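Asks:
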Amino acid sequence: MALSDANTTIDYAFDQQHIWHPYTSMTQSLPVYGVVSAQGCELTLDSGKVLIDGTSSWWSCVHGYSHPTIVAAMQQQLSQLSHVMFGGITHLPAIEVSKRLVAMTSPQLTKVFLADSGSIAVEVALKMALQYWQGRNKPAKQRIMTVKSGYHGDTFAAMSVCDPDGGMHTMFGNNVTQQIFIPSPSTPFGEPLNQSDIAALELAFATHHQDVAAVIIEPIMQGAGAMRFYSAAYLQKLRQQCDEYQVLLILDEIATGFGRTGKCFAYEHANIEADILCVGKALTGGYISLAATLCSDEVANGISDSPAGVFMHGPTFMGNPLACAAATASLDLLLQGDWQQQVNAIETQLKQELASASNLPQVREVRVLGAVGVIEMVNTVNTAQLQQAFVELGVWIRPFNKYIYLMPPYTISAEQLTKLTLAMITVAKSIDATPVTTQFISHG
Ligand SMILES: *Cc1c(COP(=O)(O)O)cnc(C)c1O
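So, in structure tokens, the structure goes:
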């Protein structure tokens, strides 16, 4: 390979032989598509083909690609200060993004830990909860409770609170901490809490509260583990149980935060407050990795009273200025408020255009909330095969497990969205309705 080729052609053979992609094998490779640029809601492939993006690059790119405001903010930051260590040093980008996070989130959340990725934000949240109870002289509170079908990331502590069956528990054995699982919320979004959810919550807290430091949950939408929406009343009951039994509530808004479900944060559907909140994905508008964990004064004070006296975490690239500048620009775009109307319009259109799919024999259910549209199939789908069909139709939609879903940028046009929903229905119809054998499925 001539190295000079690198700028002009995509060396697929090198990629295949040397580069891991998410959840892939280096011996049985699946096709990848070379992207050379992206603008608005479109990705341009090396072939020149243009695809409408239905995924927002794993739910992060909410304002679309190459947005001039975010690009300008990053270019300016890059020329001034791309990175500096955060130990003993502070800088304007970290302060600006943190000011916005404190102002946008519920009043109780006052302290910000800037983390490098969503999984790390979850690790930080879990560590905070454990150190908090050490500081409150309840060292027995060491376990984490969560619901089934959750997804919280790929690092070890995050894996321990992912769904125990669909997640990665068994394959890593004792390296994954055994946490406490309760049934996933069964009451659908918009409905009053059913008796079985109430009973499951009450039983779990009554049984385990002495050992439990915190409950972690994705509010309203279970993302990569289930692609489904549950009742806000579940969160209200959960908050009440946490208060009654002295358990911290960690809300993982990494997928739902910044407008995706029709509220800025999904917990706003339930009018509850978290003790600890994780955000990520859309925080920078999808331009560069950044996440954050916010906590209350009470949690921060408990950590200070713990034997360590300090919070025990501090990565090399903590508070990276370039990422903070991107996040500040993205949050300012959100604060202008157009997202609300955009997400409402996407929701209305998705409901109209996906409804007919629910009559297909291959389809189990169609679900829409905010800028999320899900077709749950009866059978597990072949991601690579469907991926190819979607590319041929000129769209980028990446199904996984039984889910063919859309989470488009909020800036998508009505015409672009129609192309996406038509492609979804066309591909759903083309799928064989006979059962297939299941294999290990990831969110990749
Ligand atoms: C994606 C996701 C994570 C993990 O974030 P990464 O940036 O991929 O580490 C954690 N929690 C939820 C709810 C997510 O959707």
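Residue numbers (this note's numbering): 208 to 651. Where is the CB? At the ideal position from N, CA and C, for every residue including glycine. Just so you know, these numbers come straight off a predicted model, no measurement behind them.
Comparing alpha-carbon positions, which option in F396, V506, P229 and Q386 lies nearest W340?
Replies: V506
Asks: Quick check: the stretch 466-477 against the stretch 491-507, are there 3 or more CB pairs under 8 Å?
Replies: no
Asks: Under three-state DSSP, which class holds A213?
Replies: Its pLDDT being 45, under 50, A213 is placed unreliably by the model, and the measurement read from it follows with that caveat. A213 falls in the helix class under three-state DSSP.
Asks: Helix, strand or coil for E249, going by three-state DSSP, please let me know.
Replies: strand
Asks: Counting only the same chain and skipping the five closest in sequence on each side, list residues whose C-beta sits under 6 Å from that of W266.
Replies: A462, K488 and M614
Asks: Name the residue from L337, M352, V354 and T353 whose alpha carbon lies nearest to the alpha carbon of P346.
Replies: L337
Asks: Could you tell me whether any non-hydrogen atom of ligand 1 is closer than 7 Å to the CB of E303?
Replies: no
Asks: Enumerate in chain order the residues of its own chain whose CB-to-CB distance from T625 is below 7 Å, with the five nearest sequence positions on each side excluded.
Replies: E560
Asks: Q338 bridges to which residues according to DSSP?
Replies: Per DSSP, none; premise fails for Q338.
Asks: If you measure from the CB of Y358, is any heavy atom of ligand 1 nearer than 7 Å?
Replies: yes
Asks: Sorted by chain position, which residues of the same chain lie with C-beta nearer than 6 Å to A439's C-beta, five sequence neighbours on each side aside?
Replies: H476 and A477
Asks: So what does DSSP say about Q429, is it helix, strand or coil?
Replies: Three-state DSSP puts Q429 in a strand.
Asks: Closest by CA to K348, which one among G374, A433, I405 and V422?
Replies: V422
Asks: In its own chain, which residues sit with a C-beta less than 7 Å from the C-beta of E249, not counting the 5 before and 5 after it?
Replies: V257, L258, I259 and D260
Asks: Buried or exposed for M631, please, with buried defined as at least 16 other CB atoms from any protein chain shown within 10 angstroms of its CB.
Replies: buried
Asks: Where does P371 sit, in a helix, a strand or coil, going by DSSP?
Replies: coil
Asks: Please report how far the alpha carbon of K355 lies from the alpha carbon of E583, in whole angstroms.
Replies: Approximately 18 Å between the Cα atoms of the pair.
Asks: With a Cβ-Cβ cutoff of 8 Å, do G492 and V269 count as a contact?
Replies: yes
Asks: So what does DSSP say about I405, is it helix, strand or coil?
Replies: helix
Asks: Do V419 and V454 have their beta-carbon atoms positioned less than 8 Å apart in this structure?
Replies: yes
Asks: From the DSSP secondary-structure annotation, give me the bridge partner or partners of V331.
Replies: V331 pairs with nothing; no bridge assigned.
Asks: Should I619 be listed as close to ligand 1, given that the test is whether its C-beta is under 7 Å from any heavy atom?
Replies: no
Asks: Within 10 angstroms of its Cβ, does A562 collect 16 or more other Cβ (buried), or is it exposed?
Replies: exposed
Asks: Please say whether Y612 and M434 have beta carbons closer to each other than 8 Å?
Replies: With contacts defined by Cβ atoms closer than 8 Å, M434 and Y612 form a contacting pair.
Asks: For R343 and M335, what's the separation of their Cα atoms in angstroms?
Replies: In a straight line, the C-alpha of R343 is about 12 Å away from that of M335.
Asks: Ignore the nearest five residues each way along the sequence and tell me which others in Q595's own chain have a CB closer than 8 Å to its CB.
Replies: P238
Asks: Residues in the same chain with beta-carbon distance under 7 Å from M292, minus the five sequence neighbours each way, listed in chain order, please.
Replies: none
Asks: Return the chain-ordered list of same chain residues with a C-beta closer than 6 Å to the C-beta of F472, the five sequence neighbours on each side being excluded.
Replies: Closer than 6 Å at Cβ, skipping near neighbours: E460 and G464.
Asks: Pull up the CB-CB distance for Y358 and A431, whole angstroms please, since I reckon it's below 8 Å.
Replies: Between Y358 and A431 the beta-carbon gap is near 4 Å, inside 8 Å, which marks them as a contact.
Asks: Using only the heavy atoms of ligand 1, determine whether one of them is closer than 7 Å to the beta carbon of K488.
Replies: yes
Asks: Tell me the rounded alpha-carbon separation between I648 and T216.
Replies: Low local confidence applies: a pLDDT of 49 at I648 is under 50, so the model's placement there is unreliable, with the coordinate-based value given in what follows. For I648 and T216, the distance between alpha carbons rounds to 32 Å.
Asks: Note down the Cα distance separating S305 from S637, rounded to an integer number of angstroms.
Replies: 47 Å
Asks: Is R446 helix, strand or coil when you go by DSSP?
Replies: helix
Asks: Buried or exposed: A301, going by 16 or more other Cβ atoms within 10 Å of its Cβ?
Replies: buried
Asks: I'd like to know if the stretch 371-390 and the stretch 407-418 are in contact, where contact means that at least 3 CB-CB pairs between them fall below 8 Å.
Replies: yes
Asks: Measuring only the C-alpha atoms, how far is V486 from T312?
Replies: 10 Å
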